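A.B. asks: Just so you know, the sequences run in chain order W and S. The first sequence runs 0 to 217 under numbering that gives the first Met the number 0. The second sequence runs 0 to 217 under numbering that gives the first Met the number 0. Would you mind keeping the following structure in view while I ask a few things?
Protein chains: 2
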Amino acid sequence: MRIAVLGTGTVGQTIGEKLLSLGHHVTLGSRTADHEKGKAWADAHGDHAALATFQDATRDADLVFNCTAGVGSLEALQAAGADNLRGKVLLDISNPLDFSQGFPPSLSIANTDSLGEAIQRAFPDTLVVKTLNTMACPVMVDPSRVPGDHNVFVSGNDAGAKTQVTQILTEWFGWKKNLIIDLGDITTARGTEQWLPLWVRLYGTLGTGDFNLHVVRA
Amino acid sequence: MRIAVLGTGTVGQTIGEKLLSLGHHVTLGSRTADHEKGKAWADAHGDHAALATFQDATRDADLVFNCTAGVGSLEALQAAGADNLRGKVLLDISNPLDFSQGFPPSLSIANTDSLGEAIQRAFPDTLVVKTLNTMACPVMVDPSRVPGDHNVFVSGNDAGAKTQVTQILTEWFGWKKNLIIDLGDITTARGTEQWLPLWVRLYGTLGTGDFNLHVVRA
Chain W
0 MRIAVLGTGT VGQTIGEKLL SLGHHVTLGS RTADHEKGKA WADAHGDHAA
50 LATFQDATRD ADLVFNCTAG VGSLEALQAA GADNLRGKVL LDISNPLDFS
100 QGFPPSLSIA NTDSLGEAIQ RAFPDTLVVK TLNTMACPVM VDPSRVPGDH
150 NVFVSGNDAG AKTQVTQILT EWFGWKKNLI IDLGDITTAR GTEQWLPLWV
200 RLYGTLGTGD FNLHVVRA
Chain S
0 MRIAVLGTGT VGQTIGEKLL SLGHHVTLGS RTADHEKGKA WADAHGDHAA
50 LATFQDATRD ADLVFNCTAG VGSLEALQAA GADNLRGKVL LDISNPLDFS
100 QGFPPSLSIA NTDSLGEAIQ RAFPDTLVVK TLNTMACPVM VDPSRVPGDH
150 NVFVSGNDAG AKTQVTQILT EWFGWKKNLI IDLGDITTAR GTEQWLPLWV
200 RLYGTLGTGD FNLHVVRA
């Protein structure tokens, strides 16, 4: 499959490497086609890896991951272009963490709205599924890093898109199906994005990102 | 011990009954001393149970639980009075859930502030410890309702107060000490209060409040 991974940071690279290992073609999307870190990554990862502008990466993609920093996601997706995103499943992994006032970060969108919703509103013809944004990126693509049962969430308006994302989570990334919780429509992204302030504090307290939350039920 | 439980709703009654079962004297605090539901509860729970105004409940208390609805907590605590709260440990269990715009609720304080912090600012001579606000009240006082390991958090500025609260959680309510996570100062209440939007959605998805979160570590 041809996959656009928007964002050249740690999250994008980690997702990209996992997708490459599964045999997919991965194009990292960046503001510019000569982004130094992105180009180095593409050069180091063989013929199936490339770097392109957000627009060029998205145009031919069958599937799109948003791994950009949340505060810049809407701008990055506008650069990718509504036409290039039309009808496609967009896995939105980003969080609107705003570090501009220092630590702890606040959220640039929160409470009565979420970045997932804002993206869906801005691109109504794209099938936005918020997922994987509740954990560190090494855990996203290798849940066995954290022992035992723990969960991943999906939020989105389109049932078919959520089914496809659930398959990606299970068949590609190794998540057990019974540990994937479908929270409902895209407004439920408010819940997972607002988990981040607690995640950030737990990261500080535990001193590692190798943890995840398990919803334990009676 | 003489304990003021501010709030006559389900949370206050559940906490109050647990404290009574341990032999403590419990006074539910309410806006008025003739609050119907609160009076019925006190009448039904024997000589160690009483109902009083926020002020009267707090004046003689050794320990205070804030179990009022979060959107009214500051007003309730003002009624209790800074003098009556001075030097006391206040377990703040409330969440600033605002249902005025329907479901899902928003938070009346969020993101760059929290109710826990607002209470601590308003009552600088009170030892505010945010805890237990991340779960349904039956689980607060009986963690064994949910099988296996799961967590409770404490946030507060005073180490001694957090030690006392940790003892209350373990010795009175049955929490295992290794499952109590001290997140840090009262600003970390932003994390646990902003978990509520996800909690509310999980409540809807799971159809029960008998669940809790477990932070699973590598």
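We put the beta carbon where it would ideally sit given N, CA and C, even for glycine. For clarity, every value in this text was computed on a predicted model and none was experimentally measured.
Taking C-beta to C-beta, are H213/W and D112/W nearer than 8 Å?
C.D. replies: Indexing the first sequence from 1 puts residue 213/W at position 214. Indexing the first sequence from 1 puts residue 112/W at position 113. It is not a contact, given that the beta carbons lie outside the stated cut-off.
A.B. asks: Which residues share a DSSP beta bridge with K129/S?
C.D. replies: Taking the first residue of the second sequence as position 1, residue 129/S is located at position 130. K129/S pairs with D91/S and S154/S.
A.B. asks: Under a Cβ-count criterion, where at least 16 other Cβ atoms within 10 Å of its own Cβ denotes burial, should P123/W be classed as buried or exposed?
C.D. replies: Numbered from its first residue, the first sequence carries residue 123/W at position 124. Result: exposed.
A.B. asks: Per DSSP, S113/W is paired with what?
C.D. replies: Mapped onto the first sequence, residue 113/W falls at position 114. Per DSSP, none; premise fails for S113/W.
A.B. asks: Could you pull the start and end residues of the beta strand (DSSP E) that F102/S belongs to?
C.D. replies: Your numbering for residue 102/S matches position 103 in the second sequence. It is not in any beta strand (DSSP E) - F102/S carries neither H nor E in the DSSP assignment.
A.B. asks: In angstroms with no decimal places, state the Cα-to-Cα distance between V151/W and F172/W.
C.D. replies: Stepping through the first sequence from its first residue, residue 151/W is reached at position 152. Stepping through the first sequence from its first residue, residue 172/W is reached at position 173. Taking the straight line from one Cα to the other gives about 11 Å.
A.B. asks: Tell whether a beta-carbon distance below 8 Å holds between A32/S and L50/S.
C.D. replies: As a first step, residue 32/S must be located in the second sequence, where it is residue number 33. As a first step, residue 50/S must be located in the second sequence, where it is residue number 51. Yes, the pair counts as a contact, with Cβ atoms nearer than the cut-off.
A.B. asks: Between W194/S and chain W, is there a C-beta pair that is closer than 8 Å?
C.D. replies: If you number the second sequence from 1, residue 194/S lands on position 195. Output row for W194/S: interface = yes.
A.B. asks: If I measure Cβ to Cβ from A41/W and keep anything under 6 Å in the same chain, skipping five residues before and after, which residues do I get?
C.D. replies: Counting from one through the first sequence, the residue named residue 41/W turns up at place 42. Counting only Cβ-Cβ distances below 6 Å, and skipping sequence neighbours, we find A48, A49 and L50.
A.B. asks: Do S72/W and I118/W have their C-beta atoms within less than 8 Å of each other?
C.D. replies: Numbered from 1 along the first sequence, position 73 holds the residue referred to as residue 72/W. Numbered from 1 along the first sequence, position 119 holds the residue referred to as residue 118/W. In contact: S72/W and I118/W (Cβ atoms closer than 8 Å).
A.B. asks: Please report the straight-line C-alpha distance between P137/W and P142/S, rounded to a whole angstrom.
C.D. replies: For the purposes of this step, residue 137/W is identified with residue 138 of the first sequence, where counting begins at 1. For the purposes of this step, residue 142/S is identified with residue 143 of the second sequence, where counting begins at 1. Going from the Cα of P137/W to the Cα of P142/S covers about 31 Å.
A.B. asks: Give me the Cβ distance between R200/S and G183/W, rounded to the nearest whole Å; I'm assuming they're in contact under 8 Å.
C.D. replies: The sequence position of residue 200/S within the second sequence is 201, counting from 1. The sequence position of residue 183/W within the first sequence is 184, counting from 1. Indeed they touch by this definition, with Cβ atoms about 7 Å apart.
A.B. asks: Which residues, in order along the stretch 169-184 of chain W, keep a beta-carbon less than 9 Å from a beta-carbon of chain S?
C.D. replies: Residues passing the 9 Å Cβ filter: I180, D181, L182 and G183.
A.B. asks: Starting from F53/S, follow the alpha helix (DSSP H) in both directions and report where the run begins and ends.
C.D. replies: Translated into positions along the second sequence, residue 53/S becomes position 54. That run of the alpha helix (DSSP H) goes F53 to R58.
A.B. asks: For the stretch 58-68 of chain W against the stretch 2-19 of chain W, are there 3 or more C-beta pairs whose distance is under 8 Å?
C.D. replies: These segments touch.
A.B. asks: For V164/W, tell me which candidate among M139/W, F210/W, T186/W and L76/W has the shortest Cα-Cα distance.
C.D. replies: The residue given as residue 164/W occupies position 165 in the first sequence. When each option's Cα is compared against that of V164/W, the closest is M139/W.
A.B. asks: Which one of R58/S, M0/S, V70/S and L76/S has the shortest CA to CA distance from V127/S?
C.D. replies: Within the second sequence, numbered from 1, the residue matching residue 127/S stands at position 128. The residue with the shortest Cα to Cα distance from V127/S is L76/S.
A.B. asks: Check T233/S in the structure and name its three-state DSSP category.
C.D. replies: Summary: the structure shown does not reach residue 233/S, with chain S confined to residues 0 through 217, and so no result is reported for it.
A.B. asks: For the stretch 112-129 of chain W, enumerate the residues whose C-beta is nearer than 7 Å to any C-beta of chain S, in chain order.
C.D. replies: Hits within the stretch: zero.
A.B. asks: Chain S partners of N110/W, CB-CB under 7 Å?
C.D. replies: Along the first sequence, read from residue 1 onward, the residue named residue 110/W stands at position 111. The answer, in chain order, is S105, L106, A109 and N110.
A.B. asks: Please classify G203/S as buried or exposed, where buried requires at least 16 other C-beta atoms within 10 Å of its C-beta.
C.D. replies: Within the second sequence, residue 203/S is the residue found at index 204, counting from 1. It is exposed - the Cβ of G203/S has fewer than 16 other Cβ atoms within 10 Å.
A.B. asks: Is L27/W closer than 8 Å to G45/W when the C-beta atoms are compared?
C.D. replies: One-based indexing of the first sequence puts residue 45/W at position 46. One-based indexing of the first sequence puts residue 27/W at position 28. Against a cut-off of 8 Å, the Cβ pair of L27/W and G45/W comes out as no contact.
A.B. asks: CB Q54/S to CB A78/S, shorter than 8 Å?
C.D. replies: Here residue 54/S is taken as the residue at index 55 of the second sequence, counted from 1. Here residue 78/S is taken as the residue at index 79 of the second sequence, counted from 1. Yes; because the gap between Cβ atoms is below 8 Å, this pair is in contact.
A.B. asks: Assuming N83/W is part of the beta strand (DSSP E), what are its boundary residues?
C.D. replies: Within the first sequence, residue 83/W is the residue found at index 84, counting from 1. Unbroken run through N83/W is the alpha helix (DSSP H), A81 to L84; no beta strand (DSSP E).
A.B. asks: Going by DSSP, what residues sit across from T29/W in a beta bridge?
C.D. replies: As a working mapping, residue 29/W is identified with position 30 in the first sequence. The displayed chain sequence assigns Ser, not Thr, to residue 29/W. In DSSP, S29/W forms a bridge with T52/W.
A.B. asks: Whose C-beta lies closer than 6 Å to the C-beta of L18/S among residues of the same chain, with five residues either side of it excluded?
C.D. replies: Looking up residue 18/S in the second sequence gives position 19. Excluding residues within five positions, the ones whose Cβ falls inside 6 Å are I2 and V25.
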